[in-house]
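Number of protein chains: 2
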Amino acid sequence: MAEFLNSINKIILILEYDGRRYHGFQWQANAPTVQAELEQAIEKVTGENLRVIAASRTDAGVHATGQVVSFRTSSRLSAQTLARALNYYLPEDIAVKGACQADADFNVRRHALSREYEYRIITSRSRLPLAQGSAYIVPYELNIKEMNKACELLKGKHDFASFAAALRPLRDTVREVYEARVTSEGHLHTFYMVANSFLPHQVRNTVGLLIRLGIEKVGLDKFRHIMEAKKPGLAGPAAPARGLCLTKVNYPIDLEFAI
Amino acid sequence: MAEFLNSINKIILILEYDGRRYHGFQWQANAPTVQAELEQAIEKVTGENLRVIAASRTDAGVHATGQVVSFRTSSRLSAQTLARALNYYLPEDIAVKGACQADADFNVRRHALSREYEYRIITSRSRLPLAQGSAYIVPYELNIKEMNKACELLKGKHDFASFAAALRPLRDTVREVYEARVTSEGHLHTFYMVANSFLPHQVRNTVGLLIRLGIEKVGLDKFRHIMEAKKPGLAGPAAPARGLCLTKVNYPIDLEFAI
Chain C
119 MAEFLNSINK IILILEYDGR RYHGFQWQAN APTVQAELEQ AIEKVTGENL
169 RVIAASRTDA GVHATGQVVS FRTSSRLSAQ TLARALNYYL PEDIAVKGAC
219 QADADFNVRR HALSREYEYR IITSRSRLPL AQGSAYIVPY ELNIKEMNKA
269 CELLKGKHDF ASFAAALRPL RDTVREVYEA RVTSEGHLHT FYMVANSFLP
319 HQVRNTVGLL IRLGIEKVGL DKFRHIMEAK KPGLAGPAAP ARGLCLTKVN
369 YPIDLEFAI
Chain E
119 MAEFLNSINK IILILEYDGR RYHGFQWQAN APTVQAELEQ AIEKVTGENL
169 RVIAASRTDA GVHATGQVVS FRTSSRLSAQ TLARALNYYL PEDIAVKGAC
219 QADADFNVRR HALSREYEYR IITSRSRLPL AQGSAYIVPY ELNIKEMNKA
269 CELLKGKHDF ASFAAALRPL RDTVREVYEA RVTSEGHLHT FYMVANSFLP
319 HQVRNTVGLL IRLGIEKVGL DKFRHIMEAK KPGLAGPAAP ARGLCLTKVN
369 YPIDLEFAI
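Here it is as structure tokens:
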């Protein structure tokens with residue numbers, strides 16, 4: 119029995135996916151999800167019907183370049199061999215970028231110190247077919263300086279209830295934001311946000327409110343007022359999913375992904 | 119009769135498209151092409167069944183951010199209004215980015231001084247779902263310094279027969295290359311090439327040979343030898359279309375595109 123337990127390995131994967139075809143990461147009964155594709159591929163490689171855990175449950179349409187997932191397997195394949203085999207079975211729009219083994223008690227969700235997200239906005243009066251799959255095209259100029267002033271207000275430990283989806287009541291809406299800023303490269307403006315964890319729709323509602331500020335429909339005072347009201351649904355409207363990407367999950371230990 | 123002639127306008131459009139769904143720019147009987155989509159949209163807006171002319175006939179799968187096309191219309195709509203109306207009817211993966219009016223004798227193909235192309239290569243051992251639609255993922259390191267030495271050989275007026283597709287004999291294979299270089303940003307390597315005009319498959323065959331050089335399968339001497347042999351099909355193999363993008367067409371006059 120001890121031998122049987124020892125023969126189970128905890129595998130950690132880092133994933134990139136184009137979220138457009140998926141109803142989010144998490145398994146759903148009647149819709150394609152990243153989790154379902156990954157679990158199917160794992161079953162093809164190992165013969166095991168198992169559940170994976172993700173560091174961050176990305177929403178429908180949201181992309182990832184650094185999603186982290188884990189699963190336990192009795193397969194004797196090395197993490198790298200497993201990764202390459204999974205890539206063979208995964209669809210074109212999902213890829214394993216690296217894999218490693220971890221201690222049995224390592225939990226990709228609970229042990230994550232922070233998550234990093236990027237939201238890409240392009241200011242353009244015309245559609246941009248090559249960019250529009252991974253960015254939100256906004257047909258007016260944005261006051262990036264003012265948006266960065268609002269970003270300063272977001273930093274630190276706050277009750278972000280106003281930035282949560284109005285759908286479901288949450289027990290605890292306090293989060294700690296380590297970084298929030300907008301950087302520009304020509305017409306491409308990237309909002310970068312790092313927090314210990316995020317409320318549902320928090321980044322997209324933040325971007326929605328930042329854009330209202332950037333086009334000068336609301337001022338910094340109103341931004342502060344919305345933040346302090348702590349009322350779900352007040353921020354937003356949620357910016358479209360296609361601009362959002364989970365780029366990194368940070369842990370207290372260095373995970374040495376290889377492929 | 120004079121009035122009738124005066125009422126015909128020459129319209130110039132600048133187009134962006136994601137080439138993945140199309141069998142190239144040029145009209146084909148039984149395959150979707152950018153030209154067919156554009157001519158259909160024009161017919162919906164103006165009621166006219168006409169032919170457009172493009173500055174560069176991009177191949178199947180090749181993208182554009184700066185394709186230039188022209189057509190003659192008796193529509194009284196302004197160029198900008200036409201552009202916005204066309205965008206309403208064009209599919210998601212083709213967009214008019216700007217429009218202007220030009221003299222009746224302006225020819226987007228004959229009057230072009232040069233065309234600019236970019237080819238994006240990413241060196242990565244794993245697939246990259248978010249990048250692979252607009253880049254060629256190469257699973258080994260490239261010697262970019264050596265590739266840039268070869269780029270120097272390409273500059274100037276040369277007979278580029280070895281870089282032409284082997285398919286069809288060409289009368290004149292001399293072209294003048296104004297710029298050729300590879301720039302790197304992390305794992306993204308962009309090959310940039312400007313010439314008065316290009317032979318069929320010239321950029322993709324050039325990239326194919328540059329990659330063989332970058333992975334040290336051929337040396338600079340062999341590169342020079344292939345170039346001097348002037349034999350269609352010697353360079354290559356053609357790098358995949360998805361990495362290639364027509365970025366700009368230059369004219370002796372400034373076309374003031376607006377939308």
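Protein chains in written order, with my numbering: chain C, 119 to 377; chain E, 119 to 377.
Just so it is clear, CB atoms sit at the ideal spot from N, CA and C, and this is done for glycine as well.
Since the structure is predicted, the reported quantities are computational estimates derived from the model, not experimental observations.
At the 8 Å Cβ level, is residue i part of the contact set with chain C, yes or no?
i, result
"phenylalanine 359 (chain E)", "Per the sequence shown, the amino acid found at residue 359 (chain E) is alanine instead of phenylalanine. Closer than 8 Å: no."
"alanine 347 (chain E)", "no"
"lysine 340 (chain E)", "no"
Rank the options by C-alpha distance to the C-alpha of residue i and give the top, closest one.
i, options, result
"alanine 213 (chain E)", "E:Ile371, E:Glu264, E:Leu200", "E:Leu200"
"alanine 217 (chain E)", "E:Phe189, E:Glu210, E:Arg228", "E:Phe189"
"phenylalanine 281 (chain C)", "C:Tyr310, C:Gly304, C:Ala357, C:Pro257", "C:Ala357"
"alanine 220 (chain C)", "C:Asp136, C:Ile130, C:Ser174", "C:Ile130"
"lysine 349 (chain C)", "C:Ile262, C:Ala313, C:Ala154, C:Phe278", "C:Phe278"
"glycine 351 (chain E)", "E:Met345, E:His307, E:Ala283, E:Leu364", "E:Ala283"
"alanine 313 (chain E)", "E:Gly304, E:Ser174, E:Ser192", "E:Ser174"
"leucine 338 (chain E)", "E:Thr291, E:Asn127, E:Ala268, E:Leu260", "E:Ala268"
"leucine 87 (chain C)", "C:Ala172, C:Ala154, C:Ser196, C:Ile344", "Not covered by the structure: residue 87 (chain C). The range shown for chain C is 119 to 377."
"aspartate 290 (chain C)", "C:Thr365, C:Lys162, C:His276", "C:His276"
"alanine 203 (chain C)", "E:Thr191, E:Leu204, E:Arg245, E:Thr164", "E:Arg245"
"serine 125 (chain E)", "E:Leu364, E:Ala222, E:Val336", "E:Ala222"
"serine 193 (chain E)", "E:Val186, E:Glu161, E:Phe224", "E:Glu161"
"lysine 215 (chain E)", "E:Glu259, E:Pro257, E:Arg228, E:Gln198", "E:Gln198"
"proline 150 (chain C)", "C:Ile171, C:Gly165, C:Ala178", "C:Ala178"
"glutamate 297 (chain C)", "C:Arg286, C:Val152, C:Ser315, C:His305", "C:Ser315"
"alanine 359 (chain E)", "E:Tyr235, E:Asp372, E:Gly165", "E:Tyr235"
"threonine 176 (chain E)", "E:Arg322, E:Leu331, E:Gly332", "E:Arg322"
"glycine 354 (chain C)", "C:Val300, C:Val186, C:Lys340", "C:Lys340"
"glycine 137 (chain C)", "C:Thr183, C:Tyr206, C:Thr164, C:Phe224", "C:Thr183"
"glutamate 334 (chain C)", "C:Glu346, C:Glu259, C:Arg238", "C:Glu259"
"histidine 181 (chain E)", "E:Asn167, E:Arg169, E:Gly251, E:Lys128", "E:Gly251"
"isoleucine 240 (chain C)", "C:Ile371, C:Phe309, C:Gly142, C:Val187", "C:Phe309"
"asparagine 225 (chain C)", "C:Asp372, C:Ala347, C:Lys128", "C:Lys128"
Using a beta-carbon distance below 8 Å, is residue i in contact with chain E?
i, result
"histidine 181 (chain C)", "yes"
"isoleucine 377 (chain C)", "yes"
"glutamate 134 (chain C)", "yes"
"serine 302 (chain C)", "no"
"isoleucine 130 (chain C)", "no"
"serine 125 (chain C)", "no"
Using a Cβ-Cβ distance cut-off of 8 Å, determine whether residue i contacts chain A.
i, result
"serine 252 (chain C)", "Among the protein chains of the structure shown, namely C and E, there is no chain A."
Write down the C-beta distance between residue i and residue j rounded to the nearest angstrom, noting that I regard them as a contact closer than 8 Å.
i, j, result
"isoleucine 255 (chain C)", "histidine 307 (chain C)", "Between histidine 307 (chain C) and isoleucine 255 (chain C) the Cβ distance is about 11 Å, and since that is not below 8 Å, they are no contact."
"phenylalanine 140 (chain E)", "alanine 230 (chain E)", "In the sequence as presented, phenylalanine is not what sits at residue 140 (chain E); that position holds tyrosine. 21 Å between Cβ atoms; not a contact."
"proline 247 (chain E)", "tyrosine 135 (chain C)", "5 Å"
"arginine 243 (chain C)", "isoleucine 377 (chain E)", "5 Å"
"valine 295 (chain E)", "glycine 326 (chain E)", "That belief does not hold up - the Cβ atoms of valine 295 (chain E) and glycine 326 (chain E) are roughly 16 Å apart, past 8 Å."
"leucine 328 (chain C)", "methionine 265 (chain C)", "5 Å"
"leucine 364 (chain C)", "glutamine 146 (chain C)", "That pair is no contact at about 18 Å."
"arginine 293 (chain C)", "leucine 317 (chain C)", "7 Å"
Can residue i be considered in contact with the ligand ATP, in the sense that its beta carbon sits closer than 7 Å to one or more heavy atoms?
i, result
"phenylalanine 281 (chain C)", "Ligands displayed in this structure: none; no statement on the ligand ATP is therefore possible."
Beta strand (DSSP E) segments (min. 3 residues) lying fully within the region 328-359 of chain E
none
Going along the chain, which residues of the region 260-293 of chain E sit with their C-beta nearer than 9 Å to a C-beta in chain C?
none
Interface residues of the region 221-250 of chain E facing chain C [CB-CB below 9 Å]:
Ser242, Arg243, Ser244, Arg245, Leu246, Pro247, Leu248, Ala249, Gln250
Name the residues in the region 206-217 of chain E whose C-beta lies less than 9 Å from a C-beta of chain C; which are they?
Leu208, Pro209, Glu210, Asp211, Ile212, Ala213, Val214, Lys215, Gly216
Unbroken beta strand (DSSP E) runs of length 3 or more, entirely within the region 166-196 of chain E: which are they?
181-191
Using a beta-carbon distance cut-off of less than 9 Å, what residues from the region 155-180 of chain E approach chain C?
none
Along the chain, which unbroken stretches of the beta strand (DSSP E) at least 3 residues long are found entirely within the region 273-311 of chain E?
274-277, 292-303
Quick check for students: name the residue ranges of the alpha helix (DSSP H) that lie wholly in the region 184-269 of chain E, counting only runs of 4 or more.
197-207
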